[in-house]
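Numbering (the numbering used here), first residue to last: 1 to 700. Note that CB positions come from ideal geometry on N, CA and C, so glycine has one too. These notes concern the structure reproduced below.
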DNA sequence: GTTCTAGAAC
DNA sequence: GTTCTAGAAC
């Protein structure tokens, strides 16, 4: 019997339901981003019945509460109307209750108005009589603050479609799209429009921790405004300089338990896998889908909270619809097993889906190339994946899987947060490929089952070790064995936490009282825990999204100046205590820890922690960018020059004063302990050395 | 960022 | 044999 597979497996009534579903469109954007205008423009011309639920007006024209919005939205949806949720919805927590209004009968969309902050602010400042009463200079500070804490929506929150608008053109396009959806239409699912290109560079690291400082943003913006007690006189200027946060009081909510890391989605072990053998190996889709669903069902009760996700590139994928239908038939928990359309190599960055493990439909030689998923994954994983694979095995038999731990140097790890790749080899039904089973589906299905078994077992072995909570401190006298650590997999996490350390301190200095020497709204000062000189401080920027020097732009200039001033103040203090000290203030071109930090370091380099070439070169070559130069460059060119790390780190060891070369670190250290030569001329310019050196040797 | 360690350099 | 470094692991 010949039948269209798609049609055969999809219950007819389900298809009909998909048409004419009301849309719940949750707008996401700061005040002034144009949410209300967006709704009005769509509603003006749309043939769909739209209702706009606006928190600013829901209370008889005055601002209301979130529950009021929820109630109103639910009522309209029930009547079959489509709804715009017109409130900021800038973080997941704010959105979740609205997303939950969705269901099989309602499509939940997000429309993100992620326009330049300047634009939002300038609109608000000009605005009079806006419903939300968020006007004038104070608004700038609030918007600035809100945008710092924003959290872009992801499909995994429960949206079927997300539209990102980064500029007016995007907004116009989105208005058109939504205006054009007739009552019987649906819009394609997935993410549309570009995400913020500056969003984040260290996703792999960030995923280990939910942002620790999550201000429980109040629903109504005006009430927040009235709470602002900062000096208002200054905020007028902040519109252009964006240093509005200078006047913000950082509030920390007491109800956040210390160190509480809420279980967000990134903590759930997730395996994303392609359909094995059905592409190039030409395995029958109907049979393959039976095997997949059967094996998933078998492993379901072993999964715990872990998730399995079948991924395919295209929306038209037959294997996905087959599997979806069969999984639904078997009532498999759709929270722990679902299908996903997207590139398996970019699930996080493009699709917002956090997967710590991905499976590769490998070839028997475990070699890159060949096209399809295998080529894509090896390509995305880079040489690090190839090397790590090679180390484990040179070949793979059909029905087997190989777990490969990704080195942190792999882009898949750093960008996508993937910690492991599991190579799987399935049965081959393609006569033009090796080991063809020649249509023997009895054997074929057995091999395919084995393949998924090996894959899921491999995943469980990783998932089970990663979920474990780090041991409680001081529980075992003998201390943890290396083996124990390796098994529990906590080290990876610890390591990720180390990279985060500065960020955490910058966000919550009050939780790190022991280390923090000084904290203001703008900066936190602390001693470097591994000082490379007699005095070695770090001045941290307390702003989100400013991870490294490369992120610094003109709008950060006031902050950089503050950091410099704070650093100078500490130098004064130190020089007062020991007049022999001379300091440099500067940034590493490529820092190893997240969160922009200014080094304030005395030039004696007298420290037991200075051990390696890298230590030395990171403070004495062009890799160290003097703060004064950085500020000048950002002012003139809009950003700082980043020096080539590799070249500078491998430079020969030279004395920072007389420039003499030395064969190794011990000899160098012995030399610098006594070298009294004057500093090189270029260092004596522009205030790079503090206090400034006088050639004559007599201070004014 | 540090620690560990194999093997190069001495 | 000892010192030192580079690279991997954490």
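- For residue 98, the enclosing alpha helix (DSSP H) covers residues 92-99.
- Here the region 552-566 does not lie against the region 617-626, with fewer than 3 beta-carbon pairs under 8 Å apart.
- In the displayed model, residue 62 falls within a strand according to three-state DSSP.
- Contact between residue 120 and residue 32 holds: their C-beta atoms lie close to 4 Å from each other, under 8 Å.
- The beta carbon of residue 546 sits closer than 7 Å to the beta carbons of 552, 556 and 596 from its chain, once the five residues preceding and following it are set aside; these are given in chain order.
- A direct Cα-to-Cα measurement between residue 287 and residue 348 gives close to 30 Å.
- Separation of residue 38 and residue 118 (C-alpha to C-alpha, rounded to the nearest whole angstrom) is 19 Å.
- Taking C-beta atoms under 8 Å as the contact rule, residue 322 and residue 285 qualify, at a distance of about 6 Å.
- DSSP lists 82 as the bridge partner or partners of residue 50.
- An exposed status is given to residue 392, since fewer than 16 other beta-carbon atoms sit within 10 Å of its beta-carbon.
- Here residue 531 has 607 and 609 as same chain residues with Cβ atoms under 7 Å from its own Cβ, once five neighbours each way along the sequence are excluded.
- Rounded to the nearest angstrom, the Cβ distance from residue 356 to residue 419 is 5 Å, consistent with a contact under 8 Å.
- Fully enclosed alpha helix (DSSP H) runs of no fewer than 4 residues occupy 557-577 of the region 503-588, in order along the chain.
- Taking a contact as a CB-CB distance under 8 Å, the pair residue 366 and residue 400 does not count as one, their CB atoms being some 11 Å apart.
- As the crow flies, the alpha-carbon of residue 577 is around 22 Å from that of residue 598.
- Between residue 439 and the set 513, 629 and 427, the nearest pair of CA atoms involves 427.
- Note: residue 600 is bridge-paired with 537 and 585 in the DSSP secondary-structure output.
- In the three-state reduction of the DSSP assignment, residue 107 falls in the strand class.
- Per the DSSP secondary-structure output, residue 190 pairs in a beta bridge with 161.
- Residue environment: residue 67 is assigned as exposed (fewer than 16 neighbouring CB atoms within 10 Å of its CB, all protein chains considered).
- If you look at residue 683, you'll find it isn't in any alpha helix (DSSP H); DSSP assigns it neither H nor E.
- When 30, 115, 70 and 161 are compared, the shortest CA-CA separation from residue 23 is found for 161.
- A distance below 6 Å between beta-carbons, with the five flanking residues on each side excluded, links residue 450 to the following residues of its chain, in chain order: 399.
- Residue 147 and residue 30 have their C-alpha atoms spaced approximately 7 Å apart.
- The beta-bridge partner set that DSSP reports for residue 436 consists of 428.
- Taking a C-beta distance under 8 Å as the contact criterion, residue 587 and residue 625 qualify as a contact pair.
- Bridge partners of residue 359 according to DSSP: 422.
- Within the region 622-678, the complete beta strand (DSSP E) segments of 3 residues or longer fall at 624-626, listed in chain order.
- The C-beta of residue 154 has 16 or more other C-beta atoms within 10 Å across all chains shown, which makes the residue buried.
- Ranking 51, 79 and 538 by CA distance to the CA of residue 26 puts 51 first.
- Here residue 635 is exposed, its C-beta having fewer than 16 other C-beta atoms within 10 Å.
- For residue 271, no alpha helix (DSSP H) run applies; the uninterrupted beta strand (DSSP E) run containing it begins and ends at 270-274, by DSSP.
- The Cβ-Cβ distance between residue 293 and residue 331 does not fall below 8 Å.
- Collapsing the DSSP output to three states places residue 307 in a strand.
- Counting other Cβ atoms within 10 Å of its Cβ, residue 374 reaches 16 or more and is therefore classed as buried.
- Counting the other Cβ atoms within 10 Å of the Cβ of residue 694 gives fewer than 16, which makes it exposed.
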